[in-house]
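So for the sequence shown, our numbering puts the first residue at 93; every next one is plus one.
Backbone N, C-alpha and C fix where the C-beta goes; we use that ideal spot for every residue, glycine too.
Predicted model, so just to flag it, every value in this text is computed and none were measured.
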Amino acid sequence: MTTLMVADDHPLFRDAIGAVIAAGLPGTRLLEADSLARALEEAERHEEALDLLLLDLNLPDAEGLDGLCRLREVLPGLPVAILSAEQDRRTVLAAIDMGAVGYIPKSTPRDDLLAALRQLLEGQIYLPPQVMRRPPPAHPAPAVTGAAAPDPRLTGLTDKQLEVLELLSRGASNKGIARELNVAETTVKTHVSAILRKLGVASRVQAVLLAGELDLARYRAGRRSG
93 MTTLMVADDH
103 PLFRDAIGAV
113 IAAGLPGTRL
123 LEADSLARAL
133 EEAERHEEAL
143 DLLLLDLNLP
153 DAEGLDGLCR
163 LREVLPGLPV
173 AILSAEQDRR
183 TVLAAIDMGA
193 VGYIPKSTPR
203 DDLLAALRQL
213 LEGQIYLPPQ
223 VMRRPPPAHP
233 APAVTGAAAP
243 DPRLTGLTDK
253 QLEVLELLSR
263 GASNKGIARE
273 LNVAETTVKT
283 HVSAILRKLG
293 VASRVQAVLL
303 AGELDLARYR
313 AGRRSG
């Protein structure tokens, strides 16, 4: 049986999330906590059975990322994902850097929320699509004559690896990518390992963020048209 915990101090929100999970992930056991202290108590009690903890960033006894930091200290092996109204890119990336396995905005539509939970329960990392997109430059560079040379980290990837990286950037899991490309999941894992090595990054999240910074979609479009 899959066991989830929702740590949020708003009972109506916990009820709403519980209803979504009950309908979309039948058979899931749901634990609830209205404070960090309660979440720690319940998580330690059910540590072996707990598959994922969904943590709000503003509990009565923990503000911001303090709750995540405390959970990571006490239960470093417990997968924790942030479920918050806060959508600032820096906060999202800071949470991932501190060990969160995902970040789900509370404004996420029902079907997308369930897809994110399934992805997290499969052991993948989930980031909201707006974080995966390339952020606009603070100071746009002046126009220059001629096209800029593509980044060698992208040119070193094969067409199939670029396709896999683009699917990763959309939040797809290995299983989802395998289904999309009609290949074995082990083949996807091989591609992902090669992508991480060629990009010089250590994780899927870093690969996705770098793909956004390097404007992967534009590069792929240019490579196809060329």
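Using a threshold of 7 Å, state whether the C-beta atoms of residue i and residue j are closer than that.
i           : j           : result
residue 217 : residue 297 : yes
residue 311 : residue 244 : no
residue 277 : residue 286 : no
residue 193 : residue 171 : yes
residue 100 : residue 128 : no
residue 210 : residue 191 : no
residue 261 : residue 300 : yes
residue 146 : residue 159 : no
residue 208 : residue 196 : yes
residue 249 : residue 281 : no
residue 265 : residue 214 : yes
residue 123 : residue 140 : no
Going by alpha carbons, who is nearest to residue i out of the options?
i           : options            : result
residue 97  : 143, 275, 114      : 143
residue 179 : 190, 199, 168, 261 : 199
residue 177 : 291, 102, 282, 264 : 102
residue 246 : 136, 309, 138      : 309
residue 118 : 130, 107, 93, 134  : 93
residue 288 : 313, 253, 275      : 253
residue 255 : 219, 315, 201, 212 : 315
residue 111 : 203, 284, 273      : 203
residue 351 : 168, 157, 105      : With the chain covering only 93 through 318, there is no way to say anything about residue 351.
What whole-angstrom Cβ distance do residue i and residue j have, given they're in contact under 8 Å?
i           : j           : result
residue 149 : residue 174 : 6 Å
residue 257 : residue 303 : 5 Å
residue 120 : residue 109 : Wrong, their Cβ atoms sit about 11 Å apart, outside the cutoff.
residue 219 : residue 184 : 7 Å
In the DSSP output, what is residue i paired with across the bridge?
i           : result
residue 121 : 95
residue 172 : 145
residue 151 : 154
In chain order, each alpha helix (DSSP H) run of at least 4 residues that lies wholly inside the region 176-219 | Note on the region 176-219: whole alpha helix (DSSP H) runs with a minimum of 4 residues are 181-189, 202-213, in chain order.
Give, in chain order, every unbroken run of the alpha helix (DSSP H) that is at least 4 residues long and sits entirely within the region 234-303.
-> Within the region 234-303, the complete alpha helix (DSSP H) runs of at least 4 residues are 244-247, 251-261, 266-273, 277-291.
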